[in-house]
Amino acid sequence: MRFIGDFHIHSSYSRATSRQLNPENLDLWGRIKGISVVGTGDFTHPGWVAELKEKLEPAEPGLFRLKNEYRLGGEEAGLVLSGAEGEAASCRFLLTAEISSIYKYDDRVRKVHNVIFAPDVPTVERIQEKIERLGGNIRSDGRPILGLDSRDLLELCLEANDRIFFVPAHIWTPWFSALGSKSGFDSIRACYRDLSDHISAVETGLSSDPPMNWSCSFLDEYTLISNSDAHSPEKLGREANLFDTGLSYDEIIEAMRGGGKAGFRGTIEFFPQEGKYHFDGHRKCGVSWDPLQTLHHGGRCPVCGRPVTVGVLNRVAQLADRKEPLNRPNRDPFYSLIPLKEVIAELEGLGPGSKKVGRRYVDCLNHLGSELDILLYKEIEEIRTLAGPDLAEAVERMRQRQVLALPGFDGEYGRIKIWNPGEKPPVEGDALSLFGKREAPSPPDTLGLIEFDLAAFQEEKKMTMEAADPETHNLPHAQAKSSSSSSLSEGLNLQQQAAADYCGGPSLIIAGPGTGKTRTLIEKVTRLIHGGVVPSSIVAVTFANKAAGEVADRLRSAGITVNSSLSEADGVRVFTFHSLGLAIVKPHLALLEREGDFLIIDDEEKMALLKSKSDLSIRERKNLIGYISRVKNGILPEPEVSSDDFAGFHLYQGLLQRHNCLDYDDLLYLPLRLFEAHPDIMDSVREGFRHIIVDEYQDINPVQYELLRILTKGAEFCAVGDPNQSIYGFRGGSPEFIRRFAVDFSAAKLFSLSRSYRCPDTVLKASSQLLGGGAPLLAGPRPGVKIAVRKTATAASEAEQIARDIEERSGGMGFFSLDSGVAGAGSDGEIALSDIAVLCRTSMQMPILEKAFTDHRIPFRTIRTDSLFSGEPYRTFLNWIRFLAYGERATLFSSDIERISRAATGAAEPPSTLRAALECFSDSNLLEEKVDIEEVENELTRYWAPGGDAKAFVEASHLASGSDRYDARFQAVSIMTIHAAKGLEFDLVFIPGCEDSIIPCTLVGEKSEDVEEERRLLYVAMTRARQELLLSYAAKRTIFGKTVVQKESPFLTAIEEALFDRREAAAHRKDTADDDQLSLFD
């Protein structure tokens, strides 16, 4: 069966598309165009899939058709169809979607679009679920943007169903394609790497056609397909595919996999010159060049001096290795067409949307059949008879490629003309010649397959590249990005080396932001071991799980064994403070009146525990829990026996003991109580700690300080920290502990790391001024640009400005960003989304930012202080596995106890592996939605150690924190609190809310010492920036439901104005898209 298929389209759920893109109109226009199978597009959007389920019904295997009650006649689209096209059989629909991936790979920002074909709705739903599990937003745009490597997206889809068909979309477009000049690769295999064998077809896009692709031999292994990428129903079929095969999903896919031998019969093509990125150039400067001209001009615009936008033809020429495209074997046919309305419009001298053109278009359909049948197959004489000699002449010229082409460039559409300037189309009654024949028209010359000298370009390019600095040319990939600003020079600098070498007693390393403290710490451990120190006598202590994991990973990379146990004899011991405390108390639980199967309870369970045995109100219970926490952390003294506080403290501690529980604070509180009561245990523990290294010493609180005072007696102690980064006063942390280090250890050696390998000089100078005269000025790796300070009218406009800045600096989220001017097409130095962070003082700032990012389709992840187990399905899984491991008391304080106990009935013992546990949990039906085992397993692997069991997993889960959830592999903009950003760094940092009452935060009261910590908090936020720092504040902000007039943060007055680039952000009209086709490729 011969038929036409157009698979890459969009729905009304996509941005910048027509509201008419619904199943009814797609079916109607498919019939008008003569297309038998149309892609649904946008199957990632739940709303669109729901509409498809409502309006479509199954047809042939893997295909769907419109239900009869939704079928339209031509009059609904403003057409009066009286002929066969009004009665044509319904189109078939095949499930497809386009996904945009923006990510960083091989130190370059990559932006690649892919089209996915799915065999059934369950596959679609699995793909949707997997994307959402990764944090992807599939509900705000039919074509979602993900911070996911194209290779990983392919893997995700294959995991959903190995029958999916995955096609790189419009592979040559400059900004958003696998081979694009701006953000693509030099081959398809480089993009998809180990999964490349699953790619068997590529979409050529509107700015290229098969002959251009034939010039690249590395594309010989792929079938070249074409689709319309339609953003309105009328644009269907402007590019499409020809088949001679059975009508089913599997047969269509097999034809595209196998090419001409499998029933694929070629493609319908735009003339590629009409594409708006065909030639090179600068639209604003009026410069349009073919690739040879670009090469002769060194790739730079003669008007503005900036690099020109390299078009598709140039990019093809750079990767071409054939001088003659026809040398490609197994070439499939192609047919270059001009849409029928555009042909008629040129004949009439009117626009395609005019009424006269529309009437003649309908008349042609009624007399001749479908549009593509007219353009491709109808006999010229039949067209002449039924539609006029001018249309017959126009179609004949088009089929012969006798057209004039004015190529598009840098977003400017090209133009294809059938008639020479001054030439008039023939009409009925034209005069005959002396011999009774009509005068032969003089058509344009036949357009060549590639309209410039490819061989000359290849030869000149070779000579030019050999003779010149590649960075002076705008040739793709010539500009290799400079090495990461956070990387250190080869080896340690002198200050780092001195600190790492020292081995003569206690030492303090003052390490400012980006000074390489972690590398110095690792090198110190390495040199101790090389000097003969037993690895197991070295203990490294950090605050966060993520920091401990980084230290452990770096030590392993250096060939050093690592463990986190006091019982194992081998390896350097790496702990967080709380995991160290847990390791100390576990062997001695009986002395603390606990048993081996103890539980660690969270804040919610503390409340339930007190509620079960007291008549305290919610407020009273919260106050008591807060008081007890401050006591256990050494912030407040132990209560007197006769006080009211003692009664509450005693009640709570008794309940913990009775239920064999600990709370999180006990992990530091109980080791001190144990050492006080049992000095022999203290001596035994201390004996194994001969070298102790503590990171982030400025953040320790009183109980941690006391624990270190005990453990470091007799040991060589090295503390690493920076008093200017002490930001945890709310939990008792104070810079005073690091400031009195020399008093506590009179023989201590002080080292200071004064060179930052992270922040530019402007940021270092400004942050130093922020803290006042006592702060050291670090030396930076480069001067840097001024710090942007933006004033906006409201918090909403602040969020909008940040979203626009991100689009501009990342090169835009799509073609709409470029067309609307949000992102500059000529911008240099694109920043990866994973290298961008928005740091908020409070979480109340986040929702309005999330909305703005969603509106702009910017992939983002919000990182708060709560751990992974605060959300589903992780919390329910944790409660379920606790029940299996510990019995009913594990959920004694849970509202889900009955449901969990029923679900656990029949499980004799906890599963022995995480995968087994997840499979069992998935079968328990505790959650309404099915659990994606692979995705959940990826998140939980860090807590279920190899060889571990359910109880060890439960213990590890209680040490989880919000910062654990930060994963640089998920490539999206990070919205996080400043506290959560500690220890991280980004190329581009935004700090919104630089207002009095937010920074410094005085919303819940103010103390003088708090203000100084707020100052240090801003210092920490500013020094996360590797390249650019943008501060902003709003003139008005809604706080606790009340609109408040805001003032700029007083902290900024400490910084000299010369370091700032102040601008008042312009008001922006929210971008809207009309119903017209806005872009050939978007």
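Counting in the UniProt record's numbering, the sequence shown tops out at residue 1082, every number present. Note that CB positions come from ideal geometry on N, CA and C, so glycine has one too.
Using only the alpha-carbon positions, how far apart do residue i and residue j sit?
i            : j            : result
residue 710  : residue 541  : 14 Å
residue 615  : residue 642  : 21 Å
residue 325  : residue 232  : 33 Å
residue 583  : residue 1026 : 37 Å
residue 636  : residue 991  : 34 Å
residue 1083 : residue 924  : No answer is possible for residue 1083: the residues shown for the chain start at 1 and end at 1082.
residue 668  : residue 579  : 9 Å
residue 36   : residue 872  : 44 Å
residue 386  : residue 32   : 18 Å
residue 1083 : residue 845  : As displayed, the chain neither begins before 1 nor continues past 1082, which places residue 1083 out of reach and without an answer.
residue 167  : residue 152  : 14 Å
residue 26   : residue 758  : 53 Å
residue 572  : residue 297  : 59 Å
Taking the continuous alpha helix (DSSP H) assigned at residue i, which residues delimit it?
i           : result
residue 671 : 666-677
residue 325 : Run containing residue 325: none; DSSP gives neither H nor E here.
residue 583 : 577-585
residue 933 : 933-940
residue 195 : Taken as a continuous stretch (DSSP letters only), residue 195 belongs to no alpha helix (DSSP H), as it is neither H nor E.
Which partner residues of residue i appear in the DSSP bridge assignment?
i            : result
residue 1036 : 794 and 1045
residue 307  : 300
residue 241  : 5 and 267
residue 39   : 94
residue 599  : 661
residue 1064 : 791
residue 716  : 691
residue 281  : 288 and 309
residue 446  : 402
residue 103  : 110
residue 379  : According to DSSP, which records beta bridges pairwise, residue 379 is partnered with nothing at all.
residue 1052 : Answer by DSSP bridge pairing: none, since residue 1052 is not bridged.
residue 721  : 510
Going by beta carbon distance, what residues of the same chain come within less than 7 Å of residue i, once the five residues before and after it are set aside?
i            : result
residue 187  : 218
residue 1020 : 725, 727, 978 and 982
residue 593  : 657
residue 493  : 755
Per DSSP, what kind of secondary structure is residue i in: helix, strand or coil?
i            : result
residue 168  : strand
residue 139  : coil
residue 27   : helix
residue 813  : coil
residue 971  : coil
residue 561  : coil
residue 1003 : strand
residue 834  : helix
So is the beta-carbon of residue i under 7 Å away from any non-hydrogen atom of the ligand PLP?
i           : result
residue 885 : With respect to the ligand PLP, the structure offers nothing, as it holds no ligand at all.
Just to confirm the assignment, what range does the beta strand (DSSP E) spanning residue i have?
i           : result
residue 415 : 415-417
residue 57  : 56-58
residue 203 : 201-203
residue 542 : 538-542
residue 751 : 749-753
residue 862 : 860-863
residue 65  : 64-66
residue 336 : 334-337
residue 987 : 986-991
With a CB to CB cut of under 6 Å and the five nearest residues on each side skipped, what residues in its chain are close to residue i?
i           : result
residue 508 : 719, 741, 748 and 750
residue 900 : 879, 880, 883 and 891
residue 110 : 103 and 183
residue 131 : 138
residue 780 : 756, 759, 760, 761 and 764
Checking contacts by CB at 8 Å: is residue i closer than that to chain D?
i           : result
residue 277 : Protein chains in the displayed structure number just one, and chain D is not present.
Excluding the 5 residues preceding and the 5 following residue i in the sequence, name in chain order all residues of the same chain whose CB lies nearer than 8 Å to its CB.
i           : result
residue 428 : 388 and 389
residue 227 : 6, 7, 8, 9, 39, 115, 203, 239, 240 and 241
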